[in-house]
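What follows is a set of notes on a single structure, which appears directly below.
Here is the structure:
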């Protein structure tokens, strides 16, 4: 033990001596434990005994070394929603890129927060673990010498919102496996707590930052604060124009930051969060507590919006602050995405059908089947028969749904237009691991090439998760500048579990580490590559 500690000290001394980016170390133990967020005791996933898990506080360019001990009786994986591992899908933490951590074993993730700032979260990505917890917030602060386009707030709060089931996550998974739909969620949580269980203390006259993430399973959510306005300042790592809202929709998998000022009469105020685009309205409240208040919350919480147009119009007002610096000391607008020629257009349509007597979901008529071997490992070791490269088309075919382990191939440095088409009556939310997508357009109806004339080619916000409204479309631009095998998925977790996902293989035949980092020395090997030697 003494030798290993000495070796670690020498390693760190060497790292700092050569000026490498700082390291932050985390040691997490994953267990089941009793939780009671909605008044009924149930089994939750805890990290170091906490539900939700601990916040990750970090800074641009940090190296995060996160040692995860799996003390569950089940395999386990953690993914990092929005944290871009440039040219390193080995750390992605989804089943297409990583072997699960076996029960009783550990795995150490190495995340390099290269040129990133902003608000994100982590979550368990296997099976239906996300319905039991295991999620937490990630905040990446700017380096001290980089100006931020607003004064330092007096406080910085994590606000994790999400719908929740009282039913055990394994029973929910079994229900899906039997081909049945999930019932509506039982409630909504704020920071893992039920009605008025979460409280945020503020001092009169001061301004605070709220980092809000929707970590739920099924529901878009709206958040508002009684008597207070919210100033939007950041979306998933991009400083935004400081527009003011009385409520904001946060869709599945999305994160953003707002500023609020405690400028109202001294008392306590409701923070209200409610479901959107659902037949059943669920509302949860927390408390904004003025530190000198002796008057608790009373009356009714503020109502939220009820129509789709409110959300669609609001989403179009989200714009990048082109005069602000990002993680580097240069304006965010220096990346002129609107003047880059598009090399490929990919249209993706979601669908739902009964296949072999069971409910399945698909993208372009292909319902994804999880492989017996992570796709990234099969690709690395050149194992045939694990996935079907080119098994998903670039456009909807209206063919009958079929099941396949489909991978879409793409060239490194391609500049792609992705159009998400939603022909259903339910809002969809889509996430692309490893990338930010410039949200250039969204509207009702069916997409056509004529819609390009209305694209925002100047100050669209790049984000990792985008919503597509019912019977609508959303268009994004993506520069495929990160080699790897990347998961593109529905953030509605039952849909993702039942096939509404695929993997995008961004490929180059170069073996240079400038293009893609090598397989980690500690990579777990399983399935058809179990027992092989890494780096062979």
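In mature numbering (1 follows the signal peptide of the UniProt record, and there is no 0), the protein residues as written are -19 to -1, 1 to 517.
Even for Gly, the Cβ is constructed at its ideal location relative to N, Cα and C.
Computed from a predicted model, the values in this text were never measured in an experiment.
Sort the options by Cα distance to residue i and report the nearest one.
i           : options            : result
residue 234 : 489, 504, 471      : 471
residue 257 : 457, 418, 407, 94  : 407
residue 269 : 204, 236, 369, 396 : 204
residue 477 : 453, 357, 411      : 411
residue 283 : 208, 48, 139       : 208
residue 85  : 77, 105, 55, 76    : 55
residue 273 : 144, 245, 64, 390  : 245
residue 489 : 3, 465, 218        : 465
residue 276 : 329, 247, 296      : 247
residue 382 : 376, 397, 374, 347 : 347
residue 392 : 462, 67, 285, 221  : 462
residue 292 : 57, 259, 281, 229  : 229
residue 88  : 114, 68, 60, 108   : 60
residue 374 : 360, 355, 394, 399 : 399
residue 181 : 414, 224, 135, 222 : 135
residue 30  : 52, 224, 124       : 52
residue 266 : 497, 397, 206, 185 : 206
residue 253 : 303, 202, 295, 240 : 202
residue 309 : 114, 511, 70, 125  : 125
residue 458 : 442, 468, 467      : 442
Assuming residue i contacts residue j under a Cβ cut-off of 8 angstroms, what Cβ separation, rounded to an integer in Å, is found between them?
i           : j           : result
residue 335 : residue 384 : Residue 335 to residue 384, Cβ: 12 angstroms. No contact.
residue 231 : residue 177 : About 20 angstroms; that fails the 8 angstroms criterion.
residue 372 : residue 388 : 6 angstroms
residue 42  : residue 94  : 6 angstroms
residue 117 : residue 33  : 5 angstroms
residue 297 : residue 236 : In fact, because the Cβ distance is near 19 angstroms, the residues do not count as touching under 8 angstroms.
residue 521 : residue 211 : Residue numbering for the chain in the displayed model covers -19 to 517; residue 521 lies beyond these limits and cannot be assessed.
residue 4   : residue 46  : 6 angstroms
Going by other Cβ atoms of all chains shown within 10 Å of its Cβ, with 16 needed for buried, is residue i buried or exposed?
i           : result
residue 1   : exposed
residue 27  : buried
residue 321 : exposed
residue 486 : buried
residue 514 : exposed
residue 378 : exposed
residue 251 : buried
residue 323 : exposed
residue 492 : exposed
residue 483 : buried
residue 190 : buried
residue 220 : buried
residue 120 : buried
residue 429 : exposed
residue 425 : exposed
residue 444 : buried
residue 81  : buried
residue 317 : exposed
residue 394 : exposed
residue 437 : buried
residue 376 : exposed
Return the CA-CA distance between residue i and residue j, expressed in angstroms with no decimal places.
i           : j           : result
residue 6   : residue 278 : 40 angstroms
residue 128 : residue 37  : 22 angstroms
residue 90  : residue 75  : 12 angstroms
residue 495 : residue 502 : 18 angstroms
residue 9   : residue 25  : 16 angstroms
residue 547 : residue 79  : The structure shown does not extend to residue 547, since the chain is modelled only from -19 to 517, so the question has no answer here.
residue 175 : residue 249 : 18 angstroms
residue 434 : residue 319 : 12 angstroms
residue 290 : residue 499 : 47 angstroms
residue 44  : residue 11  : 22 angstroms
residue 358 : residue 506 : 8 angstroms
residue 21  : residue 326 : 48 angstroms
residue 261 : residue 509 : 45 angstroms
residue 331 : residue 481 : 7 angstroms
residue 418 : residue 186 : 37 angstroms
residue 150 : residue 112 : 5 angstroms
residue 401 : residue 224 : 26 angstroms
residue 421 : residue 294 : 14 angstroms
residue 446 : residue 183 : 31 angstroms
residue 497 : residue 281 : 54 angstroms
residue 160 : residue 337 : 9 angstroms
residue 243 : residue 188 : 6 angstroms
Can residue i be considered in contact with the ligand ADP, in the sense that its beta carbon sits closer than 7 angstroms to one or more heavy atoms?
i          : result
residue 72 : Looking at this structure, you won't find the ligand ADP or any other ligand, since it has none at all.
Consider the Cβ of residue i: report whether some Cβ of chain C lies at a distance smaller than 8 angstroms.
i           : result
residue 224 : Included in the structure is just one protein chain, with no chain C present.
(message) Tell me whether the region 100 to 111 and the region 58 to 77 touch, counting them as touching only if at least three CB pairs, one residue from each stretch, are closer than 8 angstroms.
(response) Segments in contact, yes.
(message) If contact is defined by three or more beta carbon pairs under 8 angstroms, each pair taking one atom from either stretch, is the region 452 to 464 in contact with the region 396 to 405?
(response) Yes, since at least three Cβ pairs between the region 396 to 405 and the region 452 to 464 fall closer than 8 angstroms, the two stretches touch.
(message) Taking contact to mean 3 or more Cβ pairs, one atom from each stretch, closer than 8 angstroms, check whether the region 128 to 139 and the region 338 to 345 are in contact.
(response) The region 128 to 139, when compared against the region 338 to 345, does not touch it at the 8 angstroms Cβ threshold.
(request) Determine contact between the region 209 to 216 and the region 163 to 170, defined as no fewer than three beta-carbon pairs at a distance below 8 angstroms. (result) Taking 8 angstroms as the limit for Cβ pairs, the verdict is that the region 163 to 170 does not touch the region 209 to 216.
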